[in-house]
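Engineer: FYI, the numbering for the sequence shown is -6 to 313, going by my numbering.
Positions of the beta carbon are idealized from the N, C-alpha and C atoms, including for glycine.
Here the structure is a predicted model, which is why all the values come from computation and not from measurement.
Take this structure, written in C-alpha coordinates, and hold onto it; I'll ask about it next.
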Amino acid sequence: MKLTREENRMKPPRHFSHLPILSAGTLLAAIIMAACSQTPQSAPAPQQAAQTVPSAEKVFIIFEGPWAFAPDPKDANSVLALAPKTKSHKDLVVQTWDKKLAPGVYDLSLPARTAPAAGTIDPNILQVKIDPANVQHVLDNKLERYAIRLPKPDAYVASTHFRSRAGSVYPPDASTEKDYVTTVSLRYSVTTLNGFSLAGSPDSGAFNPLLLQVETPTISFVIYPAHEPDPTDLCNTHSRGAFRDLTKLLNVTLFVDFPNDPAGCHDKDPQNPKATKAGNDQVPAMERIASFFERKLAVIIDLFATMTGACRAPIIVGNG
(Lines of atoms letter the chains of each structure in order from A and count residues from 1; the text may use other names and numbers.)
(Lines give C-alpha, C1' and ligand atoms only; values in the text may rest on other atoms or scores of the structure.)
Protein backbone atom coordinates (compact mmCIF):
# COMPACT_ATOMS: atom_id res chain seq x y z
CA MET A 1 0.00 0.00 0.00
CA LYS A 2 1.40 3.34 -0.99
CA LEU A 3 1.64 6.07 1.58
CA THR A 4 0.49 9.50 0.88
CA ARG A 5 2.91 12.41 0.83
CA GLU A 6 1.63 13.54 4.20
CA GLU A 7 2.23 10.10 5.74
CA ASN A 8 5.84 10.00 4.48
CA ARG A 9 6.46 13.41 5.93
CA MET A 10 5.18 12.40 9.36
CA LYS A 11 7.38 9.15 9.58
CA PRO A 12 10.47 9.52 11.95
CA PRO A 13 13.94 9.37 10.34
CA ARG A 14 15.78 5.95 10.40
CA HIS A 15 19.02 6.90 12.18
CA PHE A 16 19.80 3.23 13.11
CA SER A 17 20.87 2.52 9.53
CA HIS A 18 24.29 4.17 10.26
CA LEU A 19 25.03 2.29 13.55
CA PRO A 20 27.01 -0.63 12.08
CA ILE A 21 29.42 1.76 10.41
CA LEU A 22 29.93 3.76 13.62
CA SER A 23 30.46 0.58 15.70
CA ALA A 24 33.16 -0.72 13.39
CA GLY A 25 35.00 2.60 13.48
CA THR A 26 34.82 2.74 17.23
CA LEU A 27 36.21 -0.81 17.54
CA LEU A 28 39.10 -0.03 15.20
CA ALA A 29 39.97 3.09 17.16
CA ALA A 30 39.93 1.14 20.42
CA ILE A 31 42.31 -1.47 18.99
CA ILE A 32 44.73 1.23 17.80
CA MET A 33 44.65 3.03 21.17
CA ALA A 34 45.22 -0.26 23.07
CA ALA A 35 48.20 -1.12 20.87
CA CYS A 36 49.75 2.29 21.38
CA SER A 37 49.23 2.24 25.15
CA GLN A 38 50.98 -1.11 25.69
CA THR A 39 54.46 -0.91 27.26
CA PRO A 40 57.02 -2.61 25.04
CA GLN A 41 58.41 -5.77 26.69
CA SER A 42 62.11 -5.77 27.42
CA ALA A 43 64.25 -8.34 25.69
CA PRO A 44 64.98 -11.43 27.79
CA ALA A 45 68.12 -11.05 29.89
CA PRO A 46 71.02 -13.11 28.61
CA GLN A 47 71.80 -16.15 30.71
CA GLN A 48 74.62 -15.67 33.17
CA ALA A 49 77.82 -17.41 32.27
CA ALA A 50 78.33 -20.62 34.19
CA GLN A 51 80.61 -20.20 37.15
CA THR A 52 84.02 -21.76 36.68
CA VAL A 53 84.56 -24.56 39.16
CA PRO A 54 88.19 -24.75 40.25
CA SER A 55 89.90 -27.99 39.36
CA ALA A 56 90.65 -30.33 42.24
CA GLU A 57 94.00 -32.02 42.75
CA LYS A 58 94.55 -34.71 45.38
CA VAL A 59 97.86 -34.46 47.22
CA PHE A 60 99.24 -36.96 49.72
CA ILE A 61 101.67 -35.88 52.46
CA ILE A 62 103.48 -39.10 53.39
CA PHE A 63 105.10 -39.71 56.78
CA GLU A 64 107.50 -42.62 57.27
CA GLY A 65 109.16 -43.35 60.59
CA PRO A 66 108.13 -43.05 64.25
CA TRP A 67 105.39 -40.41 63.86
CA ALA A 68 102.39 -39.32 65.89
CA PHE A 69 99.72 -36.77 65.00
CA ALA A 70 97.84 -34.57 67.43
CA PRO A 71 95.55 -31.53 67.25
CA ASP A 72 97.39 -28.24 67.57
CA PRO A 73 96.58 -26.97 71.08
CA LYS A 74 96.52 -23.38 69.79
CA ASP A 75 94.77 -23.83 66.43
CA ALA A 76 91.76 -26.11 65.91
CA ASN A 77 92.31 -26.03 62.14
CA SER A 78 95.84 -27.44 62.35
CA VAL A 79 97.46 -30.72 63.31
CA LEU A 80 101.01 -31.46 64.41
CA ALA A 81 103.17 -34.31 63.17
CA LEU A 82 105.57 -35.20 65.98
CA ALA A 83 108.60 -37.51 66.02
CA PRO A 84 111.51 -38.02 68.43
CA LYS A 85 115.09 -37.12 67.49
CA THR A 86 117.20 -40.10 68.54
CA LYS A 87 120.59 -41.67 67.80
CA SER A 88 118.88 -44.71 66.31
CA HIS A 89 117.56 -42.61 63.39
CA LYS A 90 119.03 -40.33 60.76
CA ASP A 91 117.96 -36.72 60.28
CA LEU A 92 114.49 -36.00 58.98
CA VAL A 93 114.42 -35.44 55.23
CA VAL A 94 111.69 -33.87 53.13
CA GLN A 95 111.20 -34.85 49.48
CA THR A 96 114.86 -35.70 48.71
CA TRP A 97 118.03 -36.66 50.53
CA ASP A 98 119.56 -33.20 50.20
CA LYS A 99 116.69 -31.52 52.06
CA LYS A 100 117.45 -32.37 55.68
CA LEU A 101 115.69 -30.77 58.61
CA ALA A 102 117.20 -30.18 62.02
CA PRO A 103 115.05 -30.63 65.14
CA GLY A 104 112.60 -27.74 65.32
CA VAL A 105 109.05 -26.62 64.56
CA TYR A 106 108.06 -26.20 60.92
CA ASP A 107 104.94 -25.07 59.06
CA LEU A 108 103.77 -26.59 55.79
CA SER A 109 101.67 -24.21 53.66
CA LEU A 110 99.25 -25.47 51.00
CA PRO A 111 97.41 -23.88 48.06
CA ALA A 112 93.70 -23.14 48.29
CA ARG A 113 91.63 -26.20 49.15
CA THR A 114 88.53 -27.58 47.46
CA ALA A 115 87.22 -29.96 50.14
CA PRO A 116 86.40 -29.64 53.84
CA ALA A 117 88.96 -30.71 56.44
CA ALA A 118 87.02 -33.73 57.68
CA GLY A 119 90.06 -35.42 59.23
CA THR A 120 88.68 -38.93 58.61
CA ILE A 121 90.91 -41.59 60.21
CA ASP A 122 91.57 -45.02 58.68
CA PRO A 123 90.20 -47.68 61.09
CA ASN A 124 93.57 -49.48 61.19
CA ILE A 125 95.40 -46.43 62.54
CA LEU A 126 96.21 -46.65 66.24
CA GLN A 127 94.21 -43.90 67.97
CA VAL A 128 95.26 -42.71 71.42
CA LYS A 129 94.11 -39.95 73.73
CA ILE A 130 96.90 -37.36 73.91
CA ASP A 131 96.64 -34.58 76.46
CA PRO A 132 97.01 -31.11 74.85
CA ALA A 133 99.37 -30.21 77.69
CA ASN A 134 101.63 -33.06 76.58
CA VAL A 135 101.56 -31.78 73.01
CA GLN A 136 102.60 -28.33 74.19
CA HIS A 137 105.37 -29.92 76.23
CA VAL A 138 106.66 -31.64 73.09
CA LEU A 139 106.71 -28.30 71.25
CA ASP A 140 108.71 -26.77 74.09
CA ASN A 141 111.12 -29.73 74.29
CA LYS A 142 113.86 -28.40 72.00
CA LEU A 143 116.57 -30.50 70.33
CA GLU A 144 114.70 -33.74 71.04
CA ARG A 145 111.86 -33.69 68.51
CA TYR A 146 110.63 -32.76 65.07
CA ALA A 147 107.30 -30.97 64.74
CA ILE A 148 105.53 -30.26 61.44
CA ARG A 149 102.40 -28.11 61.60
CA LEU A 150 99.91 -28.79 58.80
CA PRO A 151 96.31 -27.88 58.03
CA LYS A 152 93.83 -30.48 59.22
CA PRO A 153 93.63 -33.04 56.36
CA ASP A 154 90.70 -34.40 54.43
CA ALA A 155 91.69 -37.85 55.69
CA TYR A 156 94.44 -39.97 57.23
CA VAL A 157 95.04 -42.70 54.64
CA ALA A 158 96.99 -45.94 55.10
CA SER A 159 100.14 -46.40 52.99
CA THR A 160 101.63 -49.54 54.60
CA HIS A 161 100.54 -52.01 57.30
CA PHE A 162 102.24 -54.51 59.60
CA ARG A 163 100.74 -57.09 61.94
CA SER A 164 101.20 -56.13 65.59
CA ARG A 165 99.54 -55.66 68.95
CA ALA A 166 99.26 -52.40 70.88
CA GLY A 167 97.99 -51.65 74.37
CA SER A 168 98.59 -49.97 77.70
CA VAL A 169 99.94 -53.12 79.41
CA TYR A 170 103.05 -55.14 78.55
CA PRO A 171 102.89 -57.32 76.61
CA PRO A 172 99.74 -56.11 74.83
CA ASP A 173 96.81 -58.51 74.82
CA ALA A 174 96.14 -60.69 71.78
CA SER A 175 92.73 -59.03 71.40
CA THR A 176 94.49 -55.85 70.21
CA GLU A 177 96.10 -57.58 67.22
CA LYS A 178 95.50 -56.15 63.76
CA ASP A 179 97.29 -54.86 60.67
CA TYR A 180 98.14 -51.44 62.08
CA VAL A 181 99.13 -48.61 59.75
CA THR A 182 102.91 -48.07 59.78
CA THR A 183 103.17 -45.40 57.08
CA VAL A 184 100.43 -42.80 56.73
CA SER A 185 99.41 -40.28 54.08
CA LEU A 186 97.53 -37.10 54.89
CA ARG A 187 95.23 -36.45 51.94
CA TYR A 188 94.34 -32.94 50.77
CA SER A 189 92.20 -31.65 47.89
CA VAL A 190 93.71 -28.48 46.44
CA THR A 191 93.23 -26.27 43.38
CA THR A 192 96.79 -26.59 42.07
CA LEU A 193 100.07 -28.40 42.62
CA ASN A 194 101.89 -25.08 42.91
CA GLY A 195 102.25 -23.16 46.15
CA PHE A 196 103.57 -25.73 48.64
CA SER A 197 106.19 -24.28 50.96
CA LEU A 198 107.89 -25.13 54.23
CA ALA A 199 108.95 -22.52 56.77
CA GLY A 200 109.86 -22.76 60.40
CA SER A 201 112.31 -22.41 63.21
CA PRO A 202 114.99 -25.03 63.86
CA ASP A 203 116.10 -25.30 67.48
CA SER A 204 119.59 -24.23 66.44
CA GLY A 205 120.74 -22.32 63.38
CA ALA A 206 118.63 -20.75 60.66
CA PHE A 207 116.25 -22.10 58.05
CA ASN A 208 115.41 -20.56 54.71
CA PRO A 209 111.81 -21.15 53.57
CA LEU A 210 111.68 -24.06 51.19
CA LEU A 211 109.48 -24.13 48.08
CA LEU A 212 108.43 -27.71 47.42
CA GLN A 213 108.11 -28.78 43.81
CA VAL A 214 105.22 -31.21 43.51
CA GLU A 215 105.43 -32.95 40.14
CA THR A 216 103.70 -36.07 41.38
CA PRO A 217 100.96 -35.52 43.97
CA THR A 218 103.11 -36.52 46.96
CA ILE A 219 105.32 -34.86 49.55
CA SER A 220 107.39 -37.13 51.80
CA PHE A 221 108.69 -36.61 55.34
CA VAL A 222 110.95 -39.57 56.13
CA ILE A 223 113.09 -40.57 59.13
CA TYR A 224 115.33 -43.50 58.22
CA PRO A 225 117.07 -45.81 60.70
CA ALA A 226 120.66 -44.93 61.48
CA HIS A 227 121.70 -48.43 60.39
CA GLU A 228 120.31 -51.06 58.06
CA PRO A 229 118.15 -53.66 59.78
CA ASP A 230 120.08 -56.62 61.12
CA PRO A 231 118.87 -59.68 59.20
CA THR A 232 119.67 -61.91 62.20
CA ASP A 233 117.41 -59.89 64.50
CA LEU A 234 114.16 -61.82 64.75
CA CYS A 235 112.63 -59.48 67.31
CA ASN A 236 112.09 -56.21 65.39
CA THR A 237 114.21 -54.57 68.07
CA HIS A 238 114.55 -51.32 66.13
CA SER A 239 110.77 -50.93 65.78
CA ARG A 240 110.19 -51.71 69.45
CA GLY A 241 112.76 -49.12 70.50
CA ALA A 242 111.36 -46.51 68.10
CA PHE A 243 107.87 -46.99 69.52
CA ARG A 244 109.23 -46.65 73.06
CA ASP A 245 110.91 -43.35 72.11
CA LEU A 246 107.72 -42.06 70.51
CA THR A 247 105.45 -42.89 73.46
CA LYS A 248 107.99 -41.41 75.86
CA LEU A 249 107.97 -38.18 73.85
CA LEU A 250 104.16 -38.03 74.03
CA ASN A 251 104.06 -39.10 77.69
CA VAL A 252 101.57 -41.89 77.00
CA THR A 253 101.66 -45.43 78.39
CA LEU A 254 101.57 -47.66 75.36
CA PHE A 255 103.46 -50.73 74.15
CA VAL A 256 103.78 -52.64 70.89
CA ASP A 257 104.40 -56.33 70.29
CA PHE A 258 104.75 -58.46 67.16
CA PRO A 259 102.87 -61.77 67.32
CA ASN A 260 105.11 -63.50 64.77
CA ASP A 261 108.29 -62.81 66.77
CA PRO A 262 109.69 -65.55 69.03
CA ALA A 263 108.47 -65.48 72.63
CA GLY A 264 112.01 -64.92 73.84
CA CYS A 265 111.99 -61.43 72.32
CA HIS A 266 110.21 -60.10 75.42
CA ASP A 267 113.35 -60.73 77.46
CA LYS A 268 115.33 -58.15 75.49
CA ASP A 269 112.54 -55.81 74.42
CA PRO A 270 113.65 -52.18 75.04
CA GLN A 271 110.06 -51.41 76.09
CA ASN A 272 110.16 -54.03 78.85
CA PRO A 273 111.63 -52.65 82.11
CA LYS A 274 112.49 -56.23 83.10
CA ALA A 275 114.33 -57.00 79.88
CA THR A 276 117.57 -58.97 80.38
CA LYS A 277 119.16 -57.58 77.20
CA ALA A 278 120.36 -61.10 76.49
CA GLY A 279 120.13 -60.51 72.77
CA ASN A 280 119.45 -63.29 70.32
CA ASP A 281 120.67 -65.90 72.84
CA GLN A 282 117.07 -66.04 74.07
CA VAL A 283 115.97 -67.16 70.58
CA PRO A 284 116.63 -70.83 69.73
CA ALA A 285 119.55 -71.29 67.35
CA MET A 286 117.61 -73.32 64.79
CA GLU A 287 114.90 -70.66 64.67
CA ARG A 288 117.50 -67.99 64.01
CA ILE A 289 119.04 -70.00 61.19
CA ALA A 290 115.68 -70.83 59.63
CA SER A 291 114.72 -67.14 59.53
CA PHE A 292 118.09 -65.76 58.45
CA PHE A 293 117.57 -66.03 54.69
CA GLU A 294 113.96 -64.86 54.94
CA ARG A 295 115.04 -61.71 56.80
CA LYS A 296 117.95 -61.16 54.42
CA LEU A 297 115.57 -61.24 51.46
CA ALA A 298 113.27 -58.77 53.24
CA VAL A 299 116.18 -56.37 53.71
CA ILE A 300 117.07 -56.54 50.01
CA ILE A 301 113.46 -55.88 49.04
CA ASP A 302 113.36 -52.89 51.38
CA LEU A 303 116.55 -51.44 49.92
CA PHE A 304 115.60 -51.77 46.26
CA ALA A 305 111.87 -51.15 46.45
CA THR A 306 110.26 -48.20 48.21
CA MET A 307 113.11 -47.32 50.61
CA THR A 308 110.71 -47.34 53.54
CA GLY A 309 111.77 -46.17 56.97
CA ALA A 310 111.83 -49.80 58.18
CA CYS A 311 109.84 -48.90 61.30
CA ARG A 312 107.13 -51.49 61.70
CA ALA A 313 105.57 -49.93 64.78
CA PRO A 314 102.13 -48.31 64.41
CA ILE A 315 101.62 -44.68 63.54
CA ILE A 316 99.69 -42.88 66.31
CA VAL A 317 96.87 -40.37 65.79
CA GLY A 318 95.65 -38.48 68.84
CA ASN A 319 91.91 -38.25 69.31
CA GLY A 320 91.87 -35.45 71.85
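So is Ala63 buried or exposed if we call it buried at 16+ other beta carbons inside 10 Å?
Structural biologist: Buried, by the Cβ-count rule.
Engineer: Between His154 and the rest of its own chain, which residues show a CB-CB distance below 7 Å, the 5 nearest in sequence each way excluded?
Structural biologist: So the qualifying residues of the chain are Asn117, Asp172, Tyr173, Val174 and Thr175.
Engineer: Mind listing, in chain order, the continuous beta strand (DSSP E) runs of no fewer than 3 residues lying wholly within the region 163 to 234?
Structural biologist: Complete beta strand (DSSP E) runs here, min 3: 171 to 183, 189 to 195, 203 to 205 and 211 to 215.
Engineer: Using a Cβ-Cβ cutoff of less than 6 Å, which residues in the same chain neighbour Ala159 once the five nearest sequence positions on both sides are dropped?
Structural biologist: Around Ala159: Leu119, Pro165, Thr169, Val249 and Pro307.
Engineer: May I ask which residues mark the beginning and end of the beta strand (DSSP E) holding Val148?
Structural biologist: Correcting the residue type first, residue 148 is Ala in the shown sequence and not Val. First-last of the beta strand (DSSP E) with Ala148: Ala148 to Gly160.
Engineer: Could you have a look at Gln129 and say whether DSSP puts it in helix, strand or coil?
Structural biologist: Gln129: helix per DSSP, three-state reduction.
Engineer: Could you check how far apart the C-beta atoms of Phe53 and Pro210 are, in whole angstroms? I think they sit under 8 Å.
Structural biologist: Right, the Cβ-Cβ distance comes to about 6 Å (below 8 Å), so this counts as a contact.
Engineer: For Lys83, I'd like the list of residues in its chain whose CB is within less than 8 Å of its CB, leaving aside the five on either flank, ordered along the chain.
Structural biologist: For Lys83, where only same-chain residues beyond five positions count, the Cβ hits under 8 Å are Ile216, Tyr217, Pro218 and Ala219.
Engineer: Look at the alpha carbon of Ala323 and the alpha carbon of Val87, and state the distance between them as a whole number of angstroms.
Structural biologist: For residue 323 there is no data in the structure shown, the boundaries of the chain being -6 and 313.
Engineer: Who pairs with Ala61 in a beta bridge, going by DSSP?
Structural biologist: Leu75 and Ile309, per the DSSP bridge assignment.
Engineer: DSSP three-state call for Phe251: helix, strand or coil?
Structural biologist: DSSP places Phe251 in coil when its eight states are reduced to three.
Engineer: Out of Ala105, Ala148, Lys80 and Pro263, which has the shortest C-alpha to C-alpha gap to Phe236?
Structural biologist: Residue Pro263 is the option with its Cα nearest to Phe236.
Engineer: Please report the distance separating the alpha-carbon of Lys241 from that of Phe189.
Structural biologist: Going from the Cα of Lys241 to the Cα of Phe189 covers about 32 Å.
Engineer: Need the endpoints of the beta strand (DSSP E) that Gln120 sits in, please.
Structural biologist: Leu119 to Val121 is the span of the beta strand (DSSP E), which, as asked, contains Gln120.
Engineer: Less than 7 Å separating the beta-carbons of Ala303 and Pro222?
Structural biologist: Yes, the Cβ-Cβ distance between Ala303 and Pro222 is below 7 Å.
Engineer: Just to check my reading of the structure: Gln196 and Lys135 have Cβ atoms closer than 8 Å, yes? What is that Cβ distance to the nearest angstrom?
Structural biologist: Per the sequence presented here, residue 196 reads as Asp, with Gln not at that position. Correct: roughly 4 Å between the Cβ atoms.
Engineer: From which residue to which residue does the beta strand (DSSP E) around Asp84 run?
Structural biologist: It is not in any beta strand (DSSP E) - Asp84 carries neither H nor E in the DSSP assignment.
Engineer: Which of the three DSSP states, helix, strand or coil, is assigned to Asp115?
Structural biologist: Correct three-state label for Asp115: coil.
Engineer: Alpha carbon to alpha carbon, how far is Arg233 from Ser194?
Structural biologist: So the alpha carbons of these two residues sit roughly 30 Å apart.
Engineer: Leaving aside the five residues before and after Gln129 along the sequence, list all residues of the same chain whose C-beta is less than 7 Å from its C-beta, in chain order.
Structural biologist: Only Pro66 meet the Cβ criterion.
Engineer: Given Arg305, which residues of its chain have a CB within under 6 Å of its CB, disregarding the five upstream and five downstream residues?
Structural biologist: Hits under 6 Å: Phe155, Thr175, Asn229 and Ser232.
Engineer: Identify which residue in Leu132, Asp68, Phe200 and Leu205 has its Cα closest to the Cα of Thr185.
Structural biologist: Per the Cα distances, Leu205.
Engineer: Would you list the one or two residues that DSSP bridges to Pro263?
Structural biologist: Beta-bridge pairing links Pro263 to no other residue.
Engineer: How is Asp68 classed by DSSP in three states: helix, strand or coil?
Structural biologist: Residue state, collapsed to three classes: strand.
Engineer: Determine the DSSP secondary structure at Lys241, reduced to helix, strand or coil.
Structural biologist: DSSP places Lys241 in helix when its eight states are reduced to three.
Engineer: Tell me the rounded alpha-carbon separation between Asp254 and Gly58.
Structural biologist: If you take the alpha carbons of Asp254 and Gly58, they lie about 20 Å apart.
Engineer: Label Gly198 either buried or exposed according to how many other C-beta atoms from any shown protein chain fall within 10 Å of its C-beta, with 16 as the threshold for buried.
Structural biologist: Exposed is the call here.
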